[in-house]
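Report on the following structure.
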Amino acid sequence: MKGYNPSAIEEKWQKIWEEKKVFKVKSDPSKPKYYVLEMFPYPSGRIHMGHVRNYTLGDIIARVKRMKGYNVLHPMGWDAFGLPAENAALKQGIHPAKWTYSNIDYMRNQLKKLGFSYDWDREFATCDPEYYKFEQRFFIEMFERGLAYRKKTLVNWCESCQTVLANEQVEDGKCWRCGEEVQMREMEGWFLKITAYAEELLSDLEKLRGHWPEKVLVMQKNWIGKSEGAEIDFYIPELDKNLTIFTTRPDTLFGVTFLSLSPEHPLALEIAEKKGFKEKLLEFRERVRRERKKIEEGVAEKEGFFLETYAVHPFTKEEIPLYTANFVLMEYGTGAIMCVPAHDQRDFEFAKKFGLPIKVVIQPKNKELKPEEMEEAYEAPGIMVNSQEFTGLESEEGKKRVIDKLESLGLGKRKITYRLRDWGVSRQRYWGCPIPIVYCEKCGIVPEKKENLPIKLPLDAQIDSKGRSPLPHLKEFVETFCPKCGGKARRETDTFDTFVESSWYFARFTCPDYPEPFNPEDTEYWLPVDQYIGGIEHAILHLLYARFFTKVLRDLGYLKLDEPFSNLLTQGMVIKETYRCPKHGWIYPEEVSPEGTCLRDHCGEKVIIGKPEKMSKSKCNVVDPDVMIKKYGADTVRLFIAFAAPPEKDLEWSDHGIEGAYRFLKRIYNLFEEYVEILKKINYKEEELKNLSGKALKLRRKLHQMVKKVHQDFEERFHFNTGIAAIMEFVNYLQDSLKELDSSEEINQKLLKEVFEKLLLCLSPVCPHICEELWERLGKNTFISEASFPTWEEDLLKEETFILVVQINGKVRDQIEVPSGISKEDALSLVRGLPKVQKYLEGKTIRNVIFIPEKLVNIVVS
RNA sequence: GCCGGGGUGGCGGAACUGGUAGACGCGCUGGAUUCAGGAUCCAGUGGGAGAUAAUCCCGUGCGGGUUCAAAUCCCGCCCCCGGCACCA
C-alpha cells in the first residue's frame with residue numbers, strides 16, 4: 005500500500021485544473037448564475053489563516069453551487085494600494101510597486117496551493133492603471149455632479165508620517181504606525197458626498213434584513229445615525245443675526261437657559277473678535293482640538309466660557325446667554341445647541357459647573373422634579389410644564405406642536421440630521437490612486453479630461469527618508485497644463501483612500517478586460533453578488549462605502565442595481581491559545597515544556613495559558629498556512645477549517661484537531677485503495693439497486709440519508725461542520741458494514757460503487773484534490789469538480805422500523821423497536837406489554853396517552 | 001449606559017418547526033499490534049449512587065412559569081463576547 009500522499013495528489017490536480025481551465029466562466033443567460041465573492045486581500049506578503057478560512061468557505065460554496073448546476077463566478081484579485089507598501093519601501097528600500105507585485109506573485113501561489121476554484125483569468129490588482137483609470141473617471145463624474153467636493157475641515161494628522169489618517173487608523177489618539185500623538189489639524193481635502201445617500205443607505209438596509217447578519221445591519225444603522233428634530237433660530241440683537249441650533253427635543257424649548265456654540269463655530273469667532281477676546285477663543289479652540297479624542301471618549305471635563313452676548317428665546321423673548329463649550333461638535337447639526345440642563349445630562353453638568361439656572365419643563369408621571377433637588381437630568385419623555393400653551397402635552401405631541409408653531413412663525417423648521425459624515429478620501433500618500441484634478445491659476449479647480457486618463461502614478465519616484473509622499477516634489481508629475489485653458493497648472497498630489505478601490509471591484513470582476521468600466525451584458529447577468537464573505541471588521545467602512553458606490557454608479561448610469569451584496573456571511577476569527585511567561589511575556593508554544601514551564605533562556609517560570617485570541621505575531625500564536633499545507637496538505641487544512649466551527653463563529657485552531665482531519669482523509673484513502681481495483685470496472689444503474697435487502701439495503705439507506713443531509717447543510721444552510729459530521733458518521737457506518745458485506749457478490753459491488761461515488765461527490769467541495777484523485781481511480785474520466793451534486797431517493801430514506809421512546813410521566817423509561825407507521829393503538833398495546841412499563845403502571849391509572857408518530861409515546865399516570 | 005450575539009461534557013461543537021440532550025471530532029482510559037516509541041485498529045467515556053451489573057437520581061448560566069413533554073416558549077436575574085457612546 006502506497007498510502008495517502010497529499011502533496012503529490014494536490015500538485016497533480018492543481019496543474020490539471022489550471023491547464024484545462026476548469027473554472028473559467030463566461031456570462032451565459034441560458035444558465036442560472038451564482039456570484040460568490042470573498043473580500044479580496046491586501047497583498048501584505050503572505051496569506052494568513054484568516055484568509056484561508058475566508059477563501060475556504062467561499063470555495064466550498066462555489067463548488068457546491070457549481071455542482072447544483074449554477075454558472076458560478078468566483079474571482080480573486082488584489083487590494084493593492086496602501087501604506088504598508090510605503091513602509092516596506094522605507095525599511096527595506098524596495099519600491100512599493102515592486103514590493104506589491106512580488107507579494108502578489110507569492111500570495112497567488114499560496115492560494116493556488118489551496119486548490120481554490122477561482123477563474124484566475126479575471127484576476128487584477130487595483131494598483132494597475134487599467135483598473136484605477138475608471139476610478140478616476142467615476143470621480144470626475146461625481147465632481148461634475150457635486151458628489152465630490154473640496155473642503156477645509158478638521159482631520160487627524162500624524163506629524164511623523166506626514167499624512168492625514170483615517171479615523172480607523174487612529175488608536176487611542178495615537179498613530180497606528182509610529183505611535184505619534186495624532187493632532188487635529190484644519191486641512192483641505194476631497195470629500196465624497198455619502199451623506200446625500202444617507203436616507204437610501206438607511207432605508208435599503210430593510211432589503212438586506214434576513215440576508216445580512218443583524219449585527220451588521222444594526223451597526224450600519226447606528227453609524228448613519230438618523231435623528232429627527234428641528235432647527236430653531238435664536239435672534240442675536242447685538243449682531244442682528246440668527247443663531248440656528250439643532251435639537252431633537254423641541255418639547256424642552258421652554259427649559260432653555262443658555263446656548264452653546266462649538267469653539268469652531270464662525271459666530272463664536274465673530275463675537276470674540278468684536279468683544280476683544282479672540283486670543284482666548286483661539287486658545288480654547290486649540291486646546292479642544294488637542295483633547296478631541298478625550299472629548300469623543302467622554303472622559304473630558306465640561307469646559308467653556310461665556311461669550312458676553314445674549315440671544316432672544318423665540319417664544320418667551322427672554323434673554324439667553326451664549327456660551328462656547330468643548331462638547332459641542334462643529335460637524336454635527338449646526339455646530340450650536342440649545343441647552344436644557346433639566347433634561348439633558350451634558351447641559352446639566354455644564355450648568356452645574358457654571359452656576360447656570362435649571363428649569364424643569366418636562367414632568368414624569370410618578371414624581372415631581374424640583375431643580376434644586378435634581379442630581380441628574382431627566383431625559384425621558386413626560387408631560388410638558390411651564391411651557392405656555394403647550395403645558396400639559398405629552399413629549400411626543402409637544403415636539404410636533406412646537407415645531408408647527410415655529411414653522412408658522414418662520415423661526416424654525418423640521419430637520420433630519422445624520423451622524424454620518426462625508427467621506428474624506430484625500431491621503432497625502434504616494435502609493436495610491438492619483439486624484440484626477442488640476443489647479444489652474446486662472447480656472448481654479450479643474451477636473452482632468454476623461455481622454456487624458458489614466459493619470460498614472462509615476463513609478464520612478466523615490467520614497468524619502470521621512471516617509472513623505474514624493475509626489476509634490478516630482479516636477480514632471482506636478483507641473484502640468486490646465487485641461488480647460490491650456491495655461492500652467494499644478495496637479496493634485498493627494499491620492500485616494502484605498503477604500504475607494506474596494507468600493508467597486510466586485511463589479512469590475514464581471515468584465516475585467518472590457519475597455520469601458522463595465523460591460524452591461526456582464527454586469528446585468530452577474531450582479532449583484534449572491535454571496536459575499538468576509539470578516540466582521542469591515543461591517544461598517546468597506547460595506548457602507550461599497551453600498552454607496554453602487555448607488556452612485558447606478559445614478560451615473562453604469563449599473564442597474566441598488567445593493568451590491570444580496571447575502572453576507574461574516575466569518576469569525578481564527579484564534580489560538582496563548583502562552584505567557586511572567587519574565588518573557590508572550591512565548592511560542594515550542595518554548596513551553598511538557599511540565600508547563602518556560603524554556604526560553606532556561607527560565608523555568610510557570611507559563612500562564614491564556615484564553616484563545618486572534619492570531620498575531622506579537623502574541624506568538626500564529627499558525628502559518630504554508631507549514632500546515634506542507635505537513636498535511638490543502639485538503640486536510642480545508643477540512644479542519646470547515647469542520648471545527650460553524651462559519652460565523654470564531655474558530656479555535658487546534659493541532660490535535662487538524663490531526664483528526666488528516667486521519668479521516670487517510671482512512672478514506674486507505675478504504676478506497678482496498679476496493680478501487682474491483683470497483684473500477686463495475687458499472688451500475690440505479691434501478692439495479694432498488695431491490696436490496698438486509699445489510700445492503702441499510703447501507704444504501706444510510707448513504708442516501710447522508711447525501712440529503714449534506715445537501716441541506718452545504719447548499720441551504722452553509723453549516724459545513726454538521727455536513728462533514730454526517731459524512732464522517734457515514735464512513736464509520738460504512739466501515740462497520742464492510743465487515744459483514746460480501747464484496748465478491750456482484751450486486752454488492754454495484755452498491756459499493758454507488759456508495760463510493762456519492763461519498764466522493766459529497767466530500768469534493770471541501771476536499772477537492774483527494775476526491776478528484778479517487779474519482780479518477782474509480783474509473784471516471786470526467787472531473788469531479790464538474791460533476792453534479794449526487795441525488796438521493798426520497799422513498800428509500802424511510803426506515804422500516806424505528807426506536808420508539810417510551811415515557812412515563814414525561815420521563816424516558818424504555819425504548820422499543822417498532823415498525824414505521826405504527827398506529828397509536830398498536831404502539832400502546834406493545835408498550836403496555838413491556839415489563840418495565842408494567843412496573844411503572846402497577847397500581848396507577850392511566851390518565852392520558854400522548855403519541856407522537858415515529859417518535860415517542862408518553863403515558864401519563866397518577 | 002444603549003444596541004447586538006452568546007452561556008450545553010475535560011475541549012471544539014450537535015440537537016432545523018418543543019419530543020431519547022451531548023451527533024461528529026479532539027482529549028482521556030483500557031485493550032490489540034510493536035523490542036520500544038509512533039502510526040493504526042477495537043472497546044469505553046456527562047456527573048453521582050450502586051458491585052465494573054440491573055437499576056435509580058441529577059444534569060443545557062441562575063430563579064420562577066407554561067406544557068403530557070422545555071437546551072428550545074414566557075417572566076425576572078447573573079455572567080461573557082462584540083459594537084456604539086458628550087451626535088444635541
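Position 768, counted from 1, in the first sequence is what my numbering calls 772; the numbers after and before it change by one each time, with no gaps. Using N, Cα and C, we set each Cβ at its ideal position, and we do this for glycine too. Everything numeric in this text was worked out from a predicted model, so none of it was measured.
#1: So, is TYR867 buried or exposed, given that buried needs 16 or more other C-beta atoms within 10 angstroms?
#2: Should PHE734 be labelled buried (16 or more other beta-carbon atoms within 10 Å of its own) or exposed?
#3: Assign MET5 to one of two classes, buried (16 or more other C-beta atoms within 10 Å of its C-beta) or exposed (fewer than that).
#4: Are ILE366 and ALA355 closer than 8 Å when you measure CB to CB?
#5: Thinking C-beta only, is VAL364 closer than 8 Å to VAL389?
#6: Does DSSP put THR640 in a helix, a strand or coil?
#7: Which one or two residues does DSSP pair with TRP427 in a beta bridge?
#8: Under a Cβ-count criterion, where at least 16 other Cβ atoms within 10 Å of its own Cβ denotes burial, should ILE420 be classed as buried or exposed?
#9: Straight-line CA distance for TRP508 to LEU311?
#10: From the DSSP output, which residues share a beta bridge with VAL76?
#11: Tell me which residues share the same chain as ASN752 and place their Cβ nearer than 7 Å to its Cβ, disregarding the 5 neighbours each side in the sequence.
#12: Given a cut-off of 8 Å, decide if TYR122 and THR130 are closer than it, judged by their beta-carbon atoms.
#13: Kindly indicate which three-state DSSP category LYS30 falls into: helix, strand or coil?
#14: So, under 8 Å CB-CB, LEU765 and PRO794 are touching, yes? Tell me the CB distance rounded to an integer number of Å.
#15: Is the beta carbon of LEU603 sitting closer than 8 Å to the one on LYS712?
#16: Hey, out of THR786, ASN785 and TRP796, whose CA is closest to LEU763's CA?
#17: Candidates GLU652, TRP590, GLN392 and GLU761: which alpha carbon is nearest ARG704's?
#18: Please go through the same chain and pick out, in chain order, the residues whose beta-carbon is closer than 7 Å to the beta-carbon of ASP468, but skip the five residues on each side of it.
#19: One question on the structure: do ASN75 and LYS37 come within less than 8 Å of each other, judged by their Cβ atoms?
#20: Return the CA-CA distance between SER792 and GLU528, expressed in angstroms with no decimal places.
#21: With respect to the beta strand (DSSP E) encompassing THR484, which residues constitute its N-terminal and C-terminal limits?
#22: Express the C-alpha separation of LYS684 and GLY783 in angstroms, rounding to a whole number.
#23: With DSSP as the reference, identify every bridge partner of TYR327, one or two as the case may be.
#24: Do PRO451 and PHE147 have their CB atoms nearer than 8 Å?
#25: Could you compute how far the alpha carbon of GLY814 sits from the alpha carbon of MET710?
#26: Taking 8 Å as the cut-off, does the stretch 645-652 touch the stretch 15-32 (at least 3 CB pairs, one atom from each stretch)?
#27: For LYS670 and PRO629, I'd like the C-alpha separation in whole angstroms.
#28: Should LYS116 and GLN18 be called a contact, given that it needs their Cβ atoms to be closer than 8 Å?
#29: Just reading off the alpha helix (DSSP H) that TRP227 is part of, what are its end residues?
#30: Expressed to the nearest angstrom, what Euclidean distance is found between the alpha-carbon atoms of GLU483 and ARG494?
#31: Can you list, in chain order, the residues of its chain with a C-beta nearer than 8 Å to that of ALA12? Leave out the 5 residues immediately preceding and following it.
#32: Would you report the Cα separation of VAL680 and ASN674, rounded to the nearest angstrom?
#33: Grab the span of the alpha helix (DSSP H) containing ALA543 for me, first residue to last.
#34: Determine whether the beta carbon atoms of TYR336 and PHE262 lie at a separation below 8 Å.
#35: Buried or exposed for ALA384, going by 16 or more other Cβ atoms inside 10 Å?
#36: In the DSSP output, which residue or residues are listed as bridge partners for GLU938?
So, from the listed chains and residues:
#1: Because the chain in this structure spans residues 5 to 866, residue 867 falls outside the shown range and cannot be described.
#2: buried
#3: With a pLDDT of only 41 at MET5, under the threshold of 50, the placement of this residue in the model should not be trusted, and no figure is reported.
#4: no
#5: yes
#6: helix
#7: LEU196
#8: exposed
#9: 48 Å
#10: TYR38
#11: ALA700, LEU745 and ASP746
#12: no
#13: coil
#14: 4 Å
#15: no
#16: TRP796
#17: GLU761
#18: PRO474
#19: yes
#20: 26 Å
#21: 483-485
#22: 5 Å
#23: SER264 and PHE310
#24: yes
#25: 31 Å
#26: no
#27: 20 Å
#28: yes
#29: 218-228
#30: 5 Å
#31: none
#32: 10 Å
#33: From DSSP, ALA543 is part of no alpha helix (DSSP H); its letter is neither H nor E.
#34: no
#35: exposed
#36: With the chain covering 5 to 866 only, the question about residue 938 has no answer from this structure.
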